[in-house]
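Okay, so the sequence shown: first residue is -4 according to the numbering used here, each after it adds one.
Note that the Cβ used here is the ideal one computed from N, Cα and C, for glycine as well.
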Amino acid sequence: MSSTMEECKSSSKSFEETWSLLQKAINRTISVAEGLDSFTSKDYISYYTIVYELCTEKLGEENAKLLYFQYKKAIEDYISSKVLPSLRGKKDDILLRELLTRWSNHKTLTYWLLRFFHYLDRYYLPRFGHPSTEETSLLSFYDLVFDDEMNQQVGDAILSMIHEESAGEKVDWKLINSIVAIHPEIGDRSTKNHAQGFVERLVKDNVAFYSDVASNWIASSSFKFKDHTPKEEKLHENPIVSSKRIKMVSSDGDVFEVDYKVAVMSQTIEDVIKANPAAASDEISISLVNSRTLKKVIEYCKKHTTESESESESSSKWDDEFLKVDQPEKLFDLVLASNYLDIKSLLDLTTNKIGEMIKGKSPSEIRKIFNIKQELTPQEEQEIKNEHAQAFQY
């Protein structure tokens, strides 16, 4: 287990104390984006787990709201303190190159952070009506960087470069195209016709010459926003050999070695591997799942990795047998494990089964079935009943 996880689990921490660990993760991510650091699979699962635990504890919903706003603020602080100062005072192609570098770094930053904060996207942000973590990061860049002054400067820089071409000098059209493509990459709020606005300025200011240039530019393949990101920056494109074996370590230290296809039924595990393909042979710590439960999870994944469409009926019967456990609380453990590992089919299967088991039961009967300790005071329980009075009528 990483030192970060040990630090987080060493005591019962407040949100502020736990957020300080995530702020360190964000600071490291900034260094990674700038090429000064790198992450291991242990780092990845560690940061993901911190967010997961904050969102699934007793105050999970409040924590999720705080997490989102702290996440957004951290990104805005980074842009204000690092990105904007680097652009000030620069002109022409120097400005465009710096802007492109900062945009590339920001995409790398976003790539990592949306994975650490992935649990927010699964449940809370859709409920709160907030943009996804990815949208939040990209739109923050647009809102803070592309104000009217910067748009004017970027347009002037592009015009200046095209003036140079009219004078017989060679122009880096790849750079221009990459800058214009930033707006469609960000999304609708950045107005996808922003690129067209640059072209309109060219035509308006220099009809005789630049209308031909603009027309050729629009007609050429270079205006179709090709991805010119250097290959080494595409973090997710390293293929993983499907025959590779993946090692997972349970919370009580048992090691399970499984086929790659079995492991990646878990979206969490797949993200860990994709984040650092070179470390796919390393052991992946599953710190919130004990060996008994992880063994059952692997059994399920093996079955549903190898089955064919023609076996769907027999698979359903297999699922029914799989859910027959000697202790009902083991089902609850499977729900928690499949939620943490993000195995949607297993999560659906187990929650549906539990739904059948608790139908028509009182809260006290449900606690008895699953051996759940009462953590609420009578007053808190009554408040919940009052808040959800309609549900308790059935």
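Residue i (DSSP reduced to helix, strand or coil)
{"i": "M260", "result": "coil"}
{"i": "I157", "result": "helix"}
{"i": "K338", "result": "Reading off the sequence, residue 338 comes out as Ile, not Lys. The answer is coil: DSSP assigns I338 none of H, G, I, E or B."}
{"i": "D254", "result": "strand"}
{"i": "K242", "result": "strand"}
{"i": "E180", "result": "helix"}
{"i": "S282", "result": "coil"}
{"i": "G55", "result": "helix"}
{"i": "I353", "result": "helix"}
{"i": "N366", "result": "coil"}
{"i": "P323", "result": "coil"}
{"i": "N100", "result": "helix"}
{"i": "E360", "result": "helix"}
Length of the line joining the Cα atoms of residue i and residue j
{"i": "G124", "j": "N146", "result": "29 Å"}
{"i": "V244", "j": "V46", "result": "20 Å"}
{"i": "L326", "j": "V253", "result": "22 Å"}
{"i": "S333", "j": "S26", "result": "32 Å"}
{"i": "P358", "j": "Y106", "result": "42 Å"}
{"i": "G355", "j": "D116", "result": "32 Å"}
{"i": "Y42", "j": "N58", "result": "15 Å"}
{"i": "F218", "j": "D167", "result": "Residue placement at F218 is flagged as unreliable, the pLDDT there being 44, under the threshold of 50; a coordinate-derived value is accordingly withheld."}
{"i": "K19", "j": "E12", "result": "11 Å"}
{"i": "K229", "j": "P272", "result": "Low confidence applies to K229: its pLDDT is 46, below 50, so where it sits in the model is not reliable enough to give any reading."}
{"i": "D249", "j": "L49", "result": "25 Å"}
{"i": "K298", "j": "I264", "result": "18 Å"}
{"i": "K239", "j": "Q374", "result": "54 Å"}
{"i": "K165", "j": "H158", "result": "10 Å"}
{"i": "Y295", "j": "G84", "result": "59 Å"}
{"i": "K291", "j": "V175", "result": "51 Å"}
{"i": "E378", "j": "Y114", "result": "28 Å"}
{"i": "R287", "j": "T103", "result": "37 Å"}
{"i": "L54", "j": "Y119", "result": "13 Å"}
{"i": "F179", "j": "F136", "result": "Looking at the sequence shown, residue 179 is not Phe but Pro. Near 13 Å, if we compare the C-alpha coordinates of F136 and P179."}
{"i": "H316", "j": "G350", "result": "For clarity, residue 316 is Glu in the given sequence; the question names His instead. Rounded to the nearest angstrom, the two C-alpha atoms are 17 Å apart."}
Short Cβ contact (9 Å threshold) for residue i with residue j
{"i": "A270", "j": "R23", "result": "no"}
{"i": "Y39", "j": "D266", "result": "yes"}
{"i": "I74", "j": "L134", "result": "no"}
{"i": "N285", "j": "P323", "result": "no"}
{"i": "A28", "j": "N100", "result": "yes"}
{"i": "I279", "j": "K242", "result": "yes"}
{"i": "S261", "j": "D343", "result": "no"}
{"i": "S36", "j": "I268", "result": "yes"}
Residues near residue i by beta carbon distance below 7 Å, same chain, minus five either side
{"i": "I177", "result": "W98"}
{"i": "R92", "result": "L170"}
{"i": "K348", "result": "L318, L326"}
Cβ shell of residue i (< 6 Å), same chain only, five flanking positions each side left out
{"i": "K67", "result": "T131"}
{"i": "A152", "result": "D87, L90, L91"}
{"i": "L139", "result": "I74"}
{"i": "I364", "result": "P323"}
{"i": "L154", "result": "none"}
Own chain partners of residue i with C-beta closer than 8 Å, once the 5 adjacent residues on each side are dropped
{"i": "T345", "result": "L318, L326, L329, V330, S333"}
{"i": "L61", "result": "F10, W14"}
{"i": "L108", "result": "I21, T24, Y66, I70, T128, S132"}
{"i": "L82", "result": "L90, E93, L94, R97, V140, M145"}
Below-9 Å beta-carbon distance, residue i vs any chain D residue
{"i": "T288", "result": "Of the chains in the structure shown, none is chain D; there is only one protein chain."}
Completely contained beta strand (DSSP E) runs for the region 7 to 38, where each covers 3 or more residues = As for any beta strand (DSSP E) of minimum length 3 sitting wholly inside the region 7 to 38, there is none.
Report the residue ranges of all beta strand (DSSP E) runs contained in full by the region 109 to 154; include only those spanning at least 3 residues, in chain order.
-> Listed in chain order, there is nothing to give.
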